[in-house]
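The numbering of the sequence shown is our numbering, which starts it at 17 and goes up by one. Note that CB positions come from ideal geometry on N, CA and C, so glycine has one too.
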Amino acid sequence: MAPGEGTRRAARRWIEYLAVADIPRVRSLFTHHPDYSDLTPVQYADGLAWLLSRGLITSDGHSLIKADEREQRDEEAALDGAPARWTPALEAARRETGTAGERAVVRLLEQSGAARVVHVAALSDAYGYDIHTELGDGTAGHIEVKATTDPTRLVIHLTRHEYEVMRDDRDWLLAAVLVGADGGALNVVTVSREWLSTAAPEDRDRHAQWESARYNVPDHAVMPGILHASGRRLVPEAAAPTLPVWGLSRAPSASPV
């Protein structure tokens, strides 16, 4: 079951502060400092328990997730109904997370024995996806990677160009990656093409069109691993990192594509 909003915010604060202090000290900070009184002790306890139950905190109290200030500000702005404030530092952090996610997927494909793996995003943004891969049986995958450091919810941004490539390219798929503190992949899921199409904004006037959309991906729109539209796994199930986040605490029931 997905955590409530208070539990999500508490979990993100735990991730941030466990990078510099242990659990007792962070708990004391949240309990006694007035800056953190917007959440209750129960919500902080629930946030910590959720992270522990998902294996995102080690036995000695260290978070496996690196806090991402950009994502935290984006979420806070979304809750307040205001746009997040852009800064060069936050943009650099976004690019760092995105690049880490792409490299993590490249490593997974190479380690899984793919016949060919090309990180096309390192060459150009024009493709509408980040990675081209081919399996030995001729199956090709055009993988758009969306990376995040937030395990409590999956929020992605899709450009109009990526969306249009998705509609025209049967080999296109979207892989979402939870990036760990070491830059590796802690979780990889495929987001349903059908859901992305259904949930996309509509152009209501020929003089205006949307160029980027923010998707809050629901549990039912994800499946573990990296899946081609044909149902073929581009990375073997046993090799794809899977944590019980983003709806994966349940067993998969159907293909998302």
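Counting C-beta pairs with one atom in each stretch, the region 140-151 and the region 112-128 have three or more that are closer than 8 Å, which means they touch. If you ignore the 5 residues before and after residue 259, its C-beta comes within less than 8 Å of the C-beta of 70, 71, 72, 167, 194, 202 and 203, all in its own chain and listed in chain order. Here residue 225 is exposed: its Cβ has fewer than 16 other Cβ atoms, across all protein chains shown, within 10 Å.
Judged by beta-carbon spacing, residue 205 lies within the 7 Å limit of residue 238, meaning their Cβ atoms are closer than that value.
Shown here, residue 188 sits in a strand according to DSSP, grouped into three states.
If you check the CB distance, residue 133 and residue 139 do not come in under 7 Å. Sixteen is the threshold: since fewer than 16 other Cβ atoms of the shown chains lie within 10 Å of the Cβ of residue 54, the residue is exposed. One thing to note: residue 165 has its Cβ within 7 Å of the Cβ of residue 81.
Between the C-alpha atoms of residue 243 and residue 47 there is a straight-line separation of about 44 Å.
Closest option to residue 20, judged by alpha-carbon separation, among 62, 130, 141 and 214: 62. By the neighbour-count definition (other C-beta atoms within 10 Å, threshold 16), residue 113 is a buried residue. Separation of residue 32 and residue 170 (C-alpha to C-alpha, rounded to the nearest whole angstrom) is 18 Å. Note on geometry: alpha-carbon atoms of residue 250 and residue 257 lie some 13 Å from one another. Comparing alpha carbon positions, the residue from 36, 129 and 158 closest to residue 83 is 36.
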